[in-house]
Amino acid sequence: MTNPQMVMYEEEFNQIQGIVDRLVKEANARVVFIIDKNGQLIAASGDTEQLDTTSLASLTAGNIAATGGMAKLLRENEFTTQFHEGEQSNIHIQLVGNRVILVVIFDNKTSLGLVRLRVKKASEELNAIFEALLKKVEDPARETPFAEITDEDIDNLFND
Amino acid sequence: MSFINYLSREINCKIVYYGPGLCGKTTNLQFIYNKTNPEAKGKMISLATETERTLFFDFLPLALGEIRGFKTRFHLYTVPGQVFYDASRKLILKGVDGVVFVADSQIARMEANLESMENLRTNLAEQGYSLDKLPYVIQYNKRDMPAIAPVEELQQMLNPNGVPDYEAVAVTGQGVFETLKAIAKLVLTELKRSGG
Chain A
12 MTNPQMVMYE EEFNQIQGIV DRLVKEANAR VVFIIDKNGQ LIAASGDTEQ
62 LDTTSLASLT AGNIAATGGM AKLLRENEFT TQFHEGEQSN IHIQLVGNRV
112 ILVVIFDNKT SLGLVRLRVK KASEELNAIF EALLKKVEDP ARETPFAEIT
162 DEDIDNLFND
Chain B
69 MSFINYLSRE INCKIVYYGP GLCGKTTNLQ FIYNKTNPEA KGKMISLATE
119 TERTLFFDFL PLALGEIRGF KTRFHLYTVP GQVFYDASRK LILKGVDGVV
169 FVADSQIARM EANLESMENL RTNLAEQGYS LDKLPYVIQY NKRDMPAIAP
219 VEELQQMLNP NGVPDYEAVA VTGQGVFETL KAIAKLVLTE LKRSGG
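Note that the protein sequences, when read in sequence, are chains A and B. Numbering of the first sequence is given in the numbering used here, commencing with residue 12 and proceeding in unit increments. Numbering of the second sequence is given in the numbering used here, commencing with residue 69 and proceeding in unit increments.
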């Protein structure tokens, strides 16, 4: 398979959440979230109550996938940064280590320059965490919840 | 590729509905959306043209229940069926855990079915997947239409390997949940087999 399994453990999640929480404050952003390239939400911070983060995650991943497709046609490796400007809200999208996507939603309380600066620093830190996480996941000795699952468990899920 | 979150105790999987244009992929998702409890589903997103043809994808997040304390969540996607949207179809297949091929039972669409299935194989191979190794089911849709091919003929043509297959009328919902359950079950069984 082309992509290794994405797994999230408490230790790495806390590190990632820490970076995301800090980014919201330092960039003066409304919302920051991290998703994997398949559109799964990994972490979020800020004013997420009003947002449909699942839908946003899937659409952002679609957007990154489409942009990646355009890059390929132009013989570019990737377009790593996207910026969408609206009247009230703006979205800054950054591909981190070609594996996860860092999304910052902000309004006029901050500036694109500040967001870019803070995103750059956060990206480097996130990249290191995800690389370490990937190594951990590839370890054949790691435990998985699936080892214990029986066929009966799976059948029970559909008995309604 | 599925995503296991130990912290929130969630397993997330991606299922893609594939098939020729107008075969009923979006209709499958719409029926599932309409018949699912509000707490088990998220918003359904359709990126469609003005004439309601799928432009990029439809997306429906669904919660199926718990297995050993892990919540199972499925993200259902459709691809745009029209031939010229091939670049978009390739993108949707990234990270797929299971595929539903929706075939159009009408005799006039036999060639389109074959072409789409060939296209599915090619696009999966480009991503490093093989249709023979992925969790995969087939749905023969539009069984209510007048000029349809017999199921045996469809099986011979589209299902030589004998993967699970289902007859359906997606507009009325016949066969829709059977198909979904079958693919969800295969995906979970595969996760168990490969040890996640």
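Glycine is no exception: its CB is placed at the ideal position from the N, C-alpha and C atoms. Note that the structure is predicted; figures quoted are calculated from it, not measured.
Straight-line Cα distance separating Lys48 (chain A) from Ala55 (chain A): 15 angstroms
Backbone CA spacing between Glu246 (chain B) and Asn88 (chain A) [nearest angstrom]: Taking the straight line from one Cα to the other gives about 41 angstroms.
Distance CB(Leu75 (chain B))-CB(Tyr85 (chain B)) smaller than 8 angstroms: no
Buried versus exposed call for Thr13 (chain A) [16 or more other C-beta atoms within 10 Å across all chains shown]: With a pLDDT of 45 at Thr13 (chain A), under the threshold of 50, the predicted position of this residue should be treated as unreliable, though the coordinate-derived value follows. By the 10 Å Cβ count, Thr13 (chain A) comes out exposed.
Chain B contact for Thr71 (chain A) (CB, 8 angstroms cutoff): Not flagged as an interface residue toward chain B: Thr71 (chain A), since no C-beta distance is shorter than 8 angstroms.
From A:Arg153, A:Ile160 and A:Arg127, residue whose alpha carbon lies closest to that of Gly137 (chain B): A:Ile160
Within chain A, the residues that Gly110 (chain B) reaches when beta carbons sit closer than 8 angstroms: Asp63, Thr65 and Ser66
Entirely enclosed alpha helix (DSSP H) segments - the segment 227-263 of chain B, minimum 4 residues: 244-261, all fully within the segment 227-263 of chain B.
Outcome for Val151 (chain B) when other beta-carbon atoms lying within 10 angstroms are tallied against a minimum of 16: exposed
Boundaries (first-last residue) of the beta strand (DSSP E) holding Lys139 (chain B): Phe138 to Thr146
Spatial distance of Arg127 (chain A) from Met19 (chain A) (CA atoms): 26 angstroms
Those residues which DSSP pairs with Tyr208 (chain B) across a bridge: B:Ala171 and B:Glu235
Check whether Val130 (chain A) and Val111 (chain A) have beta carbons under 8 angstroms apart: Against a cut-off of 8 angstroms, the Cβ pair of Val111 (chain A) and Val130 (chain A) comes out as no contact.
is_contact[Ser90 (chain A), chain B] using C-beta, thresh 8 angstroms: Just to set this straight, residue 90 (chain A) is Phe in the shown sequence, not Ser. Not closer than 8 angstroms to any Cβ of chain B, the Cβ of Phe90 (chain A) fails to qualify, so no.
Neighbouring residues, chain B, relative to Ala76 (chain A) (Cβ below 7 angstroms): Leu159 and Lys162
The segment 205-212 of chain B touching the segment 166-175 of chain B, judged by at least three CB pairs closer than 8 angstroms: yes
Terminal residues of the alpha helix (DSSP H) in which Glu163 (chain A) lies: In this chain, the alpha helix (DSSP H) harbouring Glu163 (chain A) covers Asp162 to Leu168.
Inter-stretch contact at 8 angstroms, needing at least 3 Cβ pairs: the segment 116-123 of chain A / the segment 91-103 of chain A: A contact is defined here as three or more CB-CB pairs under 8 angstroms, and the segment 116-123 of chain A meets this definition with respect to the segment 91-103 of chain A.
Heavy atom of the ligand ATP within 7 angstroms of Val111 (chain A) beta-carbon: Of ligands this structure carries none, so the ligand ATP is not represented either.
Beta-carbon gap between Gly149 (chain B) and Pro106 (chain B) smaller than 8 angstroms: no
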